[in-house]
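Asks: Sharing a structure here in structure tokens format.
There are 2 protein chains.
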Amino acid sequence: MRAIQVAGRQELNAPLNKTDPLVLFMPSGKRGRFPVGTPVLDAARQLGVYVESVCGGRATCGRCQIEVQEGNFAKHQIVSTLDHISPKGPKEERYERVRGLPEGRRLSCSATIQGDLVVDVPQDTVINAQVVRKAAVDRHIDRNPAVQLCYVEVEEPDMHKPLGDLDRMKLVLEKDWGWKDPLIAAHIVPQVQAILRKENWGVTVAIHRDMDISRPFIIAMWPGLKNEAYGIACDIGSTTIAMHLVSLLSGRIVASSGAPNPQIRFGEDLMSRVSYVMMNPDGREAMTKAVREAVNGLIGKVCEEGGVDRHDILDAVFVANPIMHHLFLGIDPTELGQAPFALAVSGAMHYWAHELDIDINRGARLYTLPCIAGHVGADAAGAALSEGPYRQDKMMLLVDVGTNAEIILGNRARVVAASSPTGPAFEGAEISSGQRAAPGAIERVRIDPDTLEPKFRVIGVDKWSDEAGFEEAAGAVGVTGICGSAIIEVVAEMYLSGIISEDGVIDGDMAARSPRIFQNGRTFSYLLRDGEPRIAVTQNDVRAIQLAKAALYAGVKLLMEKQGIDHVDLIRFAGAFGSFIDPKYAMVLGLIPDCDLADVKAVGNASGTGALMALLNRDHRREIEDEVKKIEKIETALEPHFQQLFINAMALPNKVDPFPKLSEAVKLPPRKTPSEGDGDMSAGAAPRRRSREERAARRRG
Amino acid sequence: MRAIQVAGRQELNAPLNKTDPLVLFMPSGKRGRFPVGTPVLDAARQLGVYVESVCGGRATCGRCQIEVQEGNFAKHQIVSTLDHISPKGPKEERYERVRGLPEGRRLSCSATIQGDLVVDVPQDTVINAQVVRKAAVDRHIDRNPAVQLCYVEVEEPDMHKPLGDLDRMKLVLEKDWGWKDPLIAAHIVPQVQAILRKENWGVTVAIHRDMDISRPFIIAMWPGLKNEAYGIACDIGSTTIAMHLVSLLSGRIVASSGAPNPQIRFGEDLMSRVSYVMMNPDGREAMTKAVREAVNGLIGKVCEEGGVDRHDILDAVFVANPIMHHLFLGIDPTELGQAPFALAVSGAMHYWAHELDIDINRGARLYTLPCIAGHVGADAAGAALSEGPYRQDKMMLLVDVGTNAEIILGNRARVVAASSPTGPAFEGAEISSGQRAAPGAIERVRIDPDTLEPKFRVIGVDKWSDEAGFEEAAGAVGVTGICGSAIIEVVAEMYLSGIISEDGVIDGDMAARSPRIFQNGRTFSYLLRDGEPRIAVTQNDVRAIQLAKAALYAGVKLLMEKQGIDHVDLIRFAGAFGSFIDPKYAMVLGLIPDCDLADVKAVGNASGTGALMALLNRDHRREIEDEVKKIEKIETALEPHFQQLFINAMALPNKVDPFPKLSEAVKLPPRKTPSEGDGDMSAGAAPRRRSREERAARRRG
């Protein structure tokens, strides 16, 4: 096969014969003519169709499986039949006998082209993942991993040619696989001789090649044929660490899981963790250790789920927000807590996994995506890679809402990015009855515009609160508070039903219409649930949501102004928050700009998906590295216009911006003319704005 | 200066004006025309003349000093005067005031060309070394080290351009120094921000670039201007570890020293160390640890001598014989103890020094020269690099005699190499009164051909033994034995005076002429010194020397036959042994082939010199890597003809080869026709040959 491969290539560099069979590869659609007798694998390689092969064409690894699609493909002018591929030879038959070959599958290293063919390269990217918040990737990712397994048979030592064992192995790696003068990880050197001799000079070598080192690098080595290698893609969030375990050979997600970020014990939000570092001499070290241990623990978890030995993990890609990114890399994040919010490193980083104490294969590599800016991290870069605003013509708004919102807006022509300190209100913090999404939390709310009576749904309970049997069903979990998605809904419903005005004031006059509106000191509240606990929405709660949504919207609007546009074509919500809110209510509140509701989508943990893409295809690393350099970063704090945008955005949905598409779907209350109340609110906004900035300073990142 | 440098280059890419000043750099002899106003440093750079500069032309590091040679250089058609260089400007004057500038010296970054010049680039390669056995390098080595110090001033962080601190540093490294997208050692990443801020964003970066990684690598970083960096060149011998500590910026040897190889406690010779590994489960690890600790200890010693902080050492080059090489790298040397003597690795190796537990700067690199063959190691490669047979037309024989002799023979056209197991006889072992070279050892011997009376000199005593006052002078040290150089001389003198025959038999008939020849069982001995201890040369001693010298000579002769030559032009003795033997006696014995005695030279620790060259100039690394690939390796054990060459070489000086040039210098005894004695010796040689091979098997490497 070695010879065939090389000879095939050379022949095929000769002028093509137009009568040679035409071969079309699916799903890539790449096609070309090849002489009769060319192995299908060689044809794929020449066209740049990625077909895995570990054994180098010996028909032993079984990785290079393809399927012939039979039929008359008139569009492609190909009649593809099973006669157009060679019958199974002895090597392929032996493989089938010993290892089994699914119906219709062929080994492309052994099967040769005999006529026109449509060849399907099976994409084994199946979901085998636990359903967790930050998981579930069902997209197809073209594979071009940074790590490749290569089986070689090394010549035995010869006194006449006293080249070292490693050096002879390098020669055959060049001859069979084209790896020119690879380097080798230091820890392997002492093992080379024993590994070579264990399976009679047949070894599998893991080669790593990525932009950081133009020469290929031998990072692992096994006796005989090693037929599986894994990678991990990991998103280190402030609250949750999410991880995919993936086969680098098939692209299959073997397991996905999440674990809480143990740094929470040092501080709930990012800024309190930065403070911890500033106040405690060993704070940085302790938090770095905590997050690395958690990552190692999570690796153990996904490996157990997937039945994988952690030492078979050879590559790792990480994304994180800037402060998590720095702490994971062992960098003091203090500079990120104060202007000018200087990142120690923004570019993509290349490590040996062991340099960051990640306990996988000793030769495993580790790659971190670049950070976009001091508050727009590698996680945002991952989301950008996943959703690819820069890959399309439509204008896409990509937002990831947490305690800080990362906002990316753009298309093929230009991408701009910013962050806005929304604070934790959307996550239920700073809300009188707020809580994290958990059983017992109210997650959906509707208010009858006539009676002003609410109904709601609770996590863990199927029935609405006005349905018979709700109280019994809710008995087990209770009704404990309001989670983020319901806060959006209840404030929006209060606005739609006239309980609160455009400027966010709970209208005391409504107390006459319903006892649910009640006075509470100088302001009014809305009683959502009487009982234990008593759940009400206070004026302060509404203000907190207004401040949060105004921060997000003002950031979005600023980027829209930079782009010179008055509407966006697509909106993508990344992150857990986006998965649970109803786009309609988000738009009623004026959290996001007007857009066709059908074009607003939640995309889950897009950061993690971006990490997965970078793991499975190193071209995606170059793609996002290049793109991040091009993205224009806007620092909202430096834009004087931001203040006005923020004040406008305090109104529901907005003081100045129309929402024509939303108005088609939802009957919005009539706009009021500015009243004194607005003046009050604006006057009130200034000190609040200051306090927002104080909070922001605590929360930044 | 940044701007000037770039502008200068661009201007100079314009067509040359033949009226531009002509500048000649010495000692390189490189010359070119440059516009008036070009900094001398820029002119040097353009011509490829290596002038150090750390500060990037800020006139603060003082590394770029040059001297103008005044005079009319008719041969070069240059009249060079001090008027042809610009007067000192304020920056250079400031440097002179603060740091001092030797008379005549100028900073080439500040001094500009005003007319024709002859510029001397001072080579600060001065010897500052302790005189140790394996030291003292007085050659000039063109510098092109793998590590370069670069001072840069990094832009402060800017919220409008949120590039990381490291990333902005990379940009200025590219702008000022041309380093494109350097990688960075992982341990530096967490320190980047603090180092940048310590001296107001001015930092010195150590860049490593070598063939292993085509992208430059940031390996160290200091606040402000760091103006010195060191390297070590080390030869790990079986008995002695020798080391040079060198400034990478000036090429100056700061200290040279040696230390015993502590592996001696595991076995005196190489093969007994391999046996130790084979017999003891932790043997390899223990020996690796021992040698690395000894290297670390020796680093401490040279640093103390040189007043250098070991953490300022940034690069290291090692040579060693194959078994020492493997043990140092942590590789089990068992395979080297048995056919086919397979090296685990033969090529040059690149490490981080800390990967081999070498305690210098955390980012320091470590390079090992390639091994030539299973018994011709990186030390022989170092000697080849140092003496460069392949760089010249004359046929050079390069021999390094230890317990194993490495033999390299060749010229520009072709180089062949072999090893021959001489055994330890030349080092005084296996000799009845033999000892290592130390005070009290006889080192020189003369025998009066008429009286057969000897005279000798002893290490540590100035007088010859027949001079008045010798006994008193020798009283302190005693006369304890015969060292290697004296063994050569005494056997040669016994031959020249007729005490032993051409075939090495001590002639019992001579007992009648002198009581110094006495019977000793079935053979005779020669009494060199009566006393305590009684020092005699026995028939067995002569046989041991004959076997050793025959092994060496047969190896040389085999290579001569491969080259198709009957004489060599130059002979170079590398290693300690070569430094102390008298070439004349070596040739009388037939240790080396006939050659003009003036062309036989001892070159000291050429291996260490080769390591030094590879340390100071990475071009030398490529040179020896390429050369080692080209050298033809001859395995003497596989050459059937070797037996006959060996038997011929048992005779003094040789049974068949003439020594015409030696005969001109020394009156050799008349040749005998083959006698029965010869037959006896040949018959006797066969079993001895077997035992030689058994010993060889113990000693190999």
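Chains as they are written, first to last, in UniProt numbering: chain A, 1 to 701; chain B, 1 to 701.
Backbone N, C-alpha and C fix where the C-beta goes; we use that ideal spot for every residue, glycine too.
Label residue 257 (chain A) either buried or exposed according to how many other C-beta atoms from any shown protein chain fall within 10 Å of its C-beta, with 16 as the threshold for buried.
Replies: buried
Asks: Residue 296 (chain B) lies in the beta strand (DSSP E); which residues open and close that run?
Replies: Unbroken run through residue 296 (chain B) is the alpha helix (DSSP H), 283-306; no beta strand (DSSP E).
Asks: Anything in chain B within Cβ reach of residue 268 (chain A), meaning under 9 Å, just list it in chain order.
Replies: What residue 268 (chain A) touches in chain B: nothing, since even the nearest Cβ is about 25 Å away.
Asks: Quick test of the definition: if touching needs 3 or more C-beta pairs under 8 Å, does the region 223-236 of chain B touch the region 315-335 of chain B?
Replies: When Cβ pairs closer than 8 Å are counted between the two stretches, the region 223-236 of chain B is seen to touch the region 315-335 of chain B, the count reaching three or more.
Asks: Tell me which residues share the same chain as residue 526 (chain A) and place their Cβ nearer than 7 Å to its Cβ, disregarding the 5 neighbours each side in the sequence.
Replies: 494, 499, 506, 516, 517, 536 and 537
Asks: When you compare only the Cα positions, how much space is there between residue 59 (chain B) and residue 110 (chain B)?
Replies: 7 Å
Asks: To the nearest angstrom, report how far apart residue 659 (chain B) and residue 432 (chain B) are at their CA atoms.
Replies: 30 Å
Asks: In whole angstroms, what separates the C-alpha of residue 472 (chain A) from that of residue 459 (chain A)?
Replies: 14 Å
Asks: Classify residue 19 (chain A) as buried or exposed, calling it buried when 16 or more other Cβ atoms lie within 10 Å of its own Cβ.
Replies: Residue 19 (chain A) is exposed by the Cβ-count criterion.
Asks: With 16 other CB atoms within 10 Å as the buried threshold, where does residue 557 (chain A) fall?
Replies: A buried status is given to residue 557 (chain A), since no fewer than 16 other beta-carbon atoms sit within 10 Å of its beta-carbon.
Asks: Which residues of chain B have a Cβ atom closer than 8 Å to the Cβ of residue 351 (chain A), listed in chain order?
Replies: Near residue 351 (chain A) (Cβ distances below 8 Å), the residues of chain B are 186.
Asks: Name the residue from A:85, A:108, A:118 and A:592 whose alpha carbon lies nearest to the alpha carbon of residue 703 (chain A).
Replies: Residue numbering for chain A in the displayed model covers 1 to 701; residue 703 (chain A) lies beyond these limits and cannot be assessed.
Asks: Would you mind working out which of B:407, B:582 and B:427 sits nearest residue 420 (chain B), comparing C-alpha positions?
Replies: B:407
Asks: Tell me whether residue 633 (chain B) sits in a helix, a strand or coil according to DSSP, three-state version.
Replies: strand
Asks: For residue 591 (chain A) versus residue 549 (chain A), is the C-beta spacing smaller than 8 Å?
Replies: In this structure, residue 591 (chain A) lies near residue 549 (chain A), with their beta-carbon atoms less than 8 Å apart.
Asks: Can you name the start and end residues of the beta strand (DSSP E) that residue 78 (chain A) belongs to?
Replies: 78-80
Asks: Could you tell me which of B:427, B:584, B:63 and B:509 sits nearest to residue 251 (chain B), measuring between CA atoms?
Replies: B:63
Asks: Show which residues of chain A have a CB atom less than 9 Å away from the CB atom of residue 329 (chain B).
Replies: 186, 189 and 190
Asks: Where does residue 675 (chain B) land, buried or exposed, given buried means 16+ other C-beta within 10 angstroms?
Replies: Its pLDDT being 47, under 50, residue 675 (chain B) is placed unreliably in this model, and the value from its coordinates should be taken loosely. With a threshold of 16 other beta carbon atoms within 10 Å, residue 675 (chain B) falls short and is exposed.
Asks: The region 141-166 of chain A: which residues have C-beta closer than 9 Å to a C-beta of chain B, in chain order?
Replies: Flagged, chain order: 156, 157, 158, 159, 160, 161, 162, 163, 164, 165 and 166.
Asks: Does the beta carbon of residue 341 (chain A) come closer than 8 Å to any beta carbon on chain B?
Replies: yes
Asks: What's the gap between the Cα of residue 310 (chain A) and the Cα of residue 181 (chain B)?
Replies: 32 Å
Asks: How about residue 202 (chain B) and residue 155 (chain B): do their beta carbons lie closer than 8 Å?
Replies: no
Asks: Within the chosen definition, does the region 568-582 of chain B reach the region 592-608 of chain B through at least 3 CB pairs nearer than 8 Å?
Replies: Flag = yes, the region 568-582 of chain B and the region 592-608 of chain B touch.
Asks: Is the region 625-645 of chain B close to the region 365-383 of chain B, with three or more CB pairs under 8 Å?
Replies: yes
Asks: Looking at C-alpha atoms only, which residue of A:501, A:349 and A:61 is the closest neighbour of residue 98 (chain A)?
Replies: Nearest of A:501, A:349 and A:61 to residue 98 (chain A), Cα basis: A:61.
Asks: Is there at least one Cβ from chain B nearer than 8 Å to residue 46 (chain A)'s Cβ?
Replies: no
Asks: What residue range does the alpha helix (DSSP H) around residue 326 (chain A) cover?
Replies: 322-328
Asks: Residues of chain A with CB closer than 8 Å to the CB of residue 344 (chain B), please, in chain order.
Replies: 164, 165, 166, 189, 190, 192 and 193
Asks: Using a Cβ-Cβ cut-off of less than 8 Å, give me the residues of the region 628-646 of chain B that come near chain A, in sequence order.
Replies: 633, 635, 637 and 638
Asks: Could you give the distance in angstroms between the alpha-carbon of residue 562 (chain A) and the alpha-carbon of residue 416 (chain A)?
Replies: 8 Å
Asks: Does the beta-carbon of residue 491 (chain A) have 16 or more other beta-carbons within 10 angstroms, so that it is buried, or is it exposed?
Replies: Counting the other Cβ atoms within 10 Å of the Cβ of residue 491 (chain A) gives 16 or more, which makes it buried.
Asks: Who are the near neighbours of residue 55 (chain A) in its chain, counting only those whose CB is closer than 7 Å to its CB and skipping five residues on each side?
Replies: 61, 151 and 225
Asks: 8 Å is my cut-off, CB to CB: does residue 409 (chain B) come that close to chain A?
Replies: no
Asks: So, is residue 37 (chain B) buried or exposed, given that buried needs 16 or more other C-beta atoms within 10 angstroms?
Replies: exposed
Asks: Let me know the alpha helix (DSSP H) ranges lying completely inside the region 554-607 of chain B, each 4 residues or longer, listed in chain order.
Replies: 575-580 and 583-589
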